[in-house]
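Novice: I have a structure here, written as structure tokens, and I will follow up with some questions on it.
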Amino acid sequence: MKVYKPEWQCTFSVNEGAEESANWKERVAWRLRAVADRLDGVGRTLKIDCNVTPQVSREEVDTCLGKGFEVTQQLLTQLAHQQACEDVMRNAKADLFEEHSST
Numbered sequence: 513m514k515v516y517k518p519e520w521q522c523t524f525s526v527n528e529g530a531e532e533s534a535n536w537k538e539r540v541a542w543r544l545r546a547v548a549d550r551l552d553g554v555g556r557t558l559k560i561d562c563n564v565t566p567q568v569s570r571e572e573v574d575t576c577l578g579k580g581f582e583v584t585q586q587l588l589t590q591l592a593h594q595q596a597c598e599d600v601m602r603n604a605k606a607d608l609f610e611e612h613s614s615t
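Quick note: this note's numbering has the sequence shown finishing at residue 615, numbered continuously throughout.
Next comes the structure, spelled out in structure tokens:
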């Protein structure tokens, strides 16, 4: 009886700038991205490298990335809500947040 063993691999990395080992082309590309970010004035450029074996379609990768960014937005919204609540508490009850220095 033959035993079949599925094999797969997935590497995923996100970069916000050129790595130290980057060649000149990569460094130029990141400088252009930085210029674009400054021109836009908002936002953030990320480079995503995703290698999946066996190959999956670009559409499937895009769907996964979209879902990941939805989760990211939910987490950031939650953090913003928590920070807003803390800011209100700091204004309403500043004495609770005073730092006591130990002498």
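Ideal placement from N, C-alpha and C gives every residue a C-beta, glycine not left out.
Around the C-beta of Ala530, are 16 or more other C-beta atoms found within 10 angstroms, so that it is buried, or is it exposed?
Specialist: Mapped onto the sequence shown, residue 530 falls at position 18. By the neighbour-count rule (16 or more Cβ atoms within 10 Å), Ala530 is buried.
Novice: Can you find the residues in the same chain that come closer than 6 Å, C-beta to C-beta, to Val526, ignoring five residues on each side of it along the sequence?
Specialist: Position 14 of the sequence shown, counted from the start, is the residue given in the question as residue 526. For Val526, where only same-chain residues beyond five positions count, the Cβ hits under 6 Å are Leu558 and Ile560.
Novice: Pick helix, strand or coil for Lys514, following the three-state DSSP scheme.
Specialist: Translated into the one-based positions of the sequence shown, residue 514 becomes position 2. Coil.
Novice: Evaluate contact between the stretch 562 to 569 and the stretch 513 to 525, counting only Cβ atoms and requiring at least three cross-stretch pairs below 8 Å.
Specialist: yes
Novice: Which residues in the same chain have their Cβ closer than 8 Å to the Cβ of Ala548, if we skip the five residues on either side of it in sequence?
Specialist: As a working note, residue 548 is residue 36 in the sequence shown. Answer for Ala548: Thr557, listed in chain order.
Novice: Taking DSSP's pairing of strands, which residues face Gln521 in a bridge?
Specialist: Position 9 of the sequence shown, counted from the start, is the residue given in the question as residue 521. The partner list for Gln521 (beta bridge, DSSP) reads Thr565.
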